[in-house]
Amino acid sequence: MISSELRRRVARRLLPPLFIMFVLSFLDRTNVSLVKDQLHASAGISAAVFGLGAGVFFIGYAVFGVPSNLVLHRIGARRWLAGMMFVWGVLSALMALTSDPTSFYLLRFALGIAEAGFFPGVILYITYWFPYRERGKATGVFQSAVAVASIVGNPVGGYLLGMHGLLGLDGWQWMFILEGVPTAVFALAVPWLLTDRPEQARWLTAEQRTELATAIKADEPPADRQPRRGIGAVLRDSRVLRLIYVYFAIQLGVYGVTFWLPALVKRIGGLTDVQVGLLAALPWVFALAGVLVLPWLSDRTGNRRGPLLIALACTLLGLLGGAALPPWPGLFALCVAAFGFLGAQPVFWTVPPTILAGVQVAATIPLISGIGNLGGFVGPSIMGFTEEATGSGAGGLYLIAAVVLLGGLFAATFRWVGRRT
Numbered sequence: 000m001i002s003s004e005l006r007r008r009v010a011r012r013l014l015p016p017l018f019i020m021f022v023l024s025f026l027d028r029t030n031v032s033l034v035k036d037q038l039h040a041s042a043g044i045s046a047a048v049f050g051l052g053a054g055v056f057f058i059g060y061a062v063f064g065v066p067s068n069l070v071l072h073r074i075g076a077r078r079w080l081a082g083m084m085f086v087w088g089v090l091s092a093l094m095a096l097t098s099d100p101t102s103f104y105l106l107r108f109a110l111g112i113a114e115a116g117f118f119p120g121v122i123l124y125i126t127y128w129f130p131y132r133e134r135g136k137a138t139g140v141f142q143s144a145v146a147v148a149s150i151v152g153n154p155v156g157g158y159l160l161g162m163h164g165l166l167g168l169d170g171w172q173w174m175f176i177l178e179g180v181p182t183a184v185f186a187l188a189v190p191w192l193l194t195d196r197p198e199q200a201r202w203l204t205a206e207q208r209t210e211l212a213t214a215i216k217a218d219e220p221p222a223d224r225q226p227r228r229g230i231g232a233v234l235r236d237s238r239v240l241r242l243i244y245v246y247f248a249i250q251l252g253v254y255g256v257t258f259w260l261p262a263l264v265k266r267i268g269g270l271t272d273v274q275v276g277l278l279a280a281l282p283w284v285f286a287l288a289g290v291l292v293l294p295w296l297s298d299r300t301g302n303r304r305g306p307l308l309i310a311l312a313c314t315l316l317g318l319l320g321g322a323a324l325p326p327w328p329g330l331f332a333l334c335v336a337a338f339g340f341l342g343a344q345p346v347f348w349t350v351p352p353t354i355l356a357g358v359q360v361a362a363t364i365p366l367i368s369g370i371g372n373l374g375g376f377v378g379p380s381i382m383g384f385t386e387e388a389t390g391s392g393a394g395g396l397y398l399i400a401a402v403v404l405l406g407g408l409f410a411a412t413f414r415w416v417g418r419r420t
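For what it's worth, numbering that gives the first Met the number 0 labels the leading residue of the sequence shown as 0, then goes sequentially.
In structure tokens form, the structure reads like this:
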């Protein structure tokens, strides 16, 4: 344990910039969900092309996550995160140049490469600064950025779409530009806002630096639990495989709903773009509650599996309700799903550092994140193809719910995710 004063000082210094970075990251990867109809009209992007293009982001994301995290572990977080952020901000703005399916695919793929190391890099970075008993809450605060980005981003995106015709650009082009440029600008400040390791923190006293470094070191698993292994051996580890699948199921729910929520809201009928954006933000208010409550419960009790199972059950029930119920009750059901799938993630990410350390955890976290985030590719693709085949997204939600159910069954087998003494 570390002192409450030291805990507060570290949190106040590091969590705000990480939170802002994730808000901008999530906006830049998901704002495309608001312009499905506009891209169809301007660039001939069909529902199937849109679903595939929205998801192809995660192919680049999956492939480049591991090497990115190994570089971060070697050279430090502040410079590497800043460089990635600048590049993805520029690419997000360049989405305004989308003119046909090919350009849509290429820009989304490049954006995925640029963002590949950000999320797993920050999860790794948190293990450098927060002892085990504080990681659930710290990760929860960081991941609450997803909810805030969606609460703010949907209405703001709807407003920016109203800039149609200004300087000869469509509203969807203004949205990409005005949400990408601030990301690149903020990236310039990141090297001064973050510190790589506790030992380098001039804003802590010498005693505090020693106290924090000692606490972090004490949380590393014993040497006999972290043998050096290659990627092949890691992928044959049943614990890692189950983690990958559970994270895949969570991400399938997150991005299946995220990219199609505006379309589902439009079933209500008679809504303007701004009204659609406001209603599409409602589930993310519930997601914000989930990402704060469930990690707090997990840290307080020391139990990881229980809150994770609660989150997956909420996700499952919410997806089923979103598919089966009329528009207004269906929207409430998606609020329950959002509470679950976002609350699951910070609890989930407290687990890998308890069995791996050093370079191993630096490689395994992005491996789980990268492969699991293929749910972000599969989810929108499922929704796109089922909508084009059936005229409704309900079938896609049923398929995603089945995957989440299996993920819950796997999570129930995590004997090693329980009370830590």
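Beta carbons: idealized from backbone N, C-alpha and C, even for Gly.
Small disclaimer: the values here were computed from a predicted structure and weren't measured.
* Would you please state the rounded distance, in angstroms, between the beta carbons of Leu293 and Gly342? I believe it to be under 8 angstroms. => Approximately 4 angstroms separates the beta-carbon atoms of Leu293 and Gly342; this is inside 8 angstroms, confirming the contact.
* Using a threshold of 9 angstroms, state whether the C-beta atoms of Thr29 and Ala148 are closer than that. => Closer than 9 angstroms, so yes.
* Short check: CB of Met94 to CB of Met20, under 9 angstroms? -> Pairing Met94 with Met20 gives a Cβ-Cβ distance that is not under 9 angstroms.
* By Cβ distance below 8 angstroms, which residues in the same chain neighbour Leu177 in space, the five residues on each side in sequence not counted? -> Result list for Leu177: Leu159, in chain order.
* Helix, strand or coil: which one does DSSP assign to Ile421? -> In the structure as shown, the chain starts at 0 and stops at 420, and residue 421 therefore has no counterpart that could be examined.
* Evaluate Lys136 with the Cβ neighbour count: other Cβ atoms within 10 Å of its Cβ, from every protein chain shown; 16 or more gives buried, anything less gives exposed. => Buried is the call here.
* To do: Report, in whole angstroms, the separation of the C-beta atoms of Leu287 and Leu333, which I expect to be a contact under 8 angstroms.
  => Not confirmed; about 14 angstroms, so no contact.
* Compute the beta-carbon to beta-carbon distance between Leu5 and Leu211, rounded to the nearest angstrom, for a pair I have assumed lies under 8 angstroms. => Cβ atoms of Leu5 and Leu211 come within 8 angstroms of each other, at about 6 angstroms.
* Asked: Roughly how many angstroms separate the alpha carbons of Ala425 and Ile1, rounded to a whole number?
  -> Lying outside 0 to 420, the shown extent of the chain, residue 425 is not represented and no answer is given.
* Over the uninterrupted alpha helix (DSSP H) stretch that includes Ile399, give me the two end residues. => Unbroken alpha helix (DSSP H) run through Ile399: 393-410.
* Specify the secondary structure class of Leu315 as computed by DSSP and reduced to three states. => Note: Leu315 maps to helix in three-state DSSP.
* Asked: Near Glu387, what residues of its chain come up, given a Cβ to Cβ distance below 6 angstroms and the 5 sequence neighbours on each side ignored?
  -> For Glu387, where only same-chain residues beyond five positions count, the Cβ hits under 6 angstroms are Ala46, Ala47.
* Asked: Do three or more CB pairs link the stretch 185-196 to the stretch 323-332 at distances below 8 angstroms?
  -> Touching, no.
* To do: Sort Ala411, Trp348, Phe413, Phe384 by Cα distance to Pro119 and report the nearest one.
  => If we check each option's Cα against that of Pro119, Trp348 comes out closest.
* Asked: Since Leu333 is in the alpha helix (DSSP H), which residue starts that stretch and which ends it?
  -> Residues 326-347.
* Asked: Nearest-angstrom Cα distance between Tyr397 and Tyr131?
  -> In this structure, the alpha-carbon of Tyr397 lies about 36 angstroms from that of Tyr131.
* Asked: Which residues in the same chain have their Cβ closer than 8 angstroms to the Cβ of Ala109, if we skip the five residues on either side of it in sequence?
  -> For Ala109, the CB contacts under 8 angstroms within the same chain, skipping 5 residues up- and downstream, are Gly59, Leu90 in chain order.
* Roughly how many angstroms lie between the CA atoms of His72 and Ala186, to the nearest whole one? -> In this structure, the straight-line span from the alpha carbon of His72 to that of Ala186 is close to 19 angstroms.
* To do: Can you grab the Cα-Cα spacing for the pair Arg196 / Gly167, in whole Å?
  => One C-alpha to the other measures close to 48 angstroms.
* Span of the alpha helix (DSSP H) holding Lys35? -> Taken as a continuous stretch (DSSP letters only), the alpha helix (DSSP H) holding Lys35 covers 35-42.
* Asked: How close, in whole Å, do the beta carbons of Tyr246 and Pro379 come, if the pair is a contact with beta carbons under 8 angstroms?
  -> Actually they do not touch by this definition, with Cβ atoms about 17 angstroms apart.
* Asked: Quick one: is Ile74 buried, meaning 16 or more other Cβ sit within 10 Å of its Cβ, or exposed?
  -> The residue is exposed, with fewer than 16 neighbouring Cβ atoms inside 10 Å.
* DSSP-derived helix/strand/coil call for Asn302 -> Shown here, Asn302 sits in coil according to DSSP, grouped into three states, outside any helix or strand.
* To do: Kindly give me the distance between the Cβ atoms of Pro365 and Ser67, rounded to whole angstroms, as I take these residues to be in contact under 8 angstroms.
  => The C-beta distance from Pro365 to Ser67 rounds to 7 angstroms, short enough to meet the 8 angstroms contact threshold.
* **Closer than 9 angstroms to chain C by CB, Gly342** => Absence of chain C from the displayed structure is noted, only one protein chain being present.
* To do: Select from Pro154, Pro282, Gly320 the residue whose C-alpha is nearest the C-alpha of Val34.
  => Out of Pro154, Pro282, Gly320, Pro154 has the C-alpha closest to the C-alpha of Val34.
* State the DSSP-derived secondary structure class of Ser2, mapped to helix, strand or coil. => Correct three-state label for Ser2: coil.
* **Proximity to Val145 [Cα-Cα], best of Val55, Gly289, Arg134** => Checked all of Val55, Gly289, Arg134; the closest Cα to Val145 is Gly289.
* **With 16 other Cβ atoms within 10 Å as the buried cut-off, status of Val377** => By the neighbour-count rule (16 or more Cβ atoms within 10 Å), Val377 is buried.
* To do: Could you check how far apart the C-beta atoms of Leu17 and Thr97 are, in whole angstroms? I think they sit under 8 angstroms.
  => In this structure Leu17 does not touch Thr97 by the C-beta definition: roughly 30 angstroms separates them, more than the 8 angstroms allowed.
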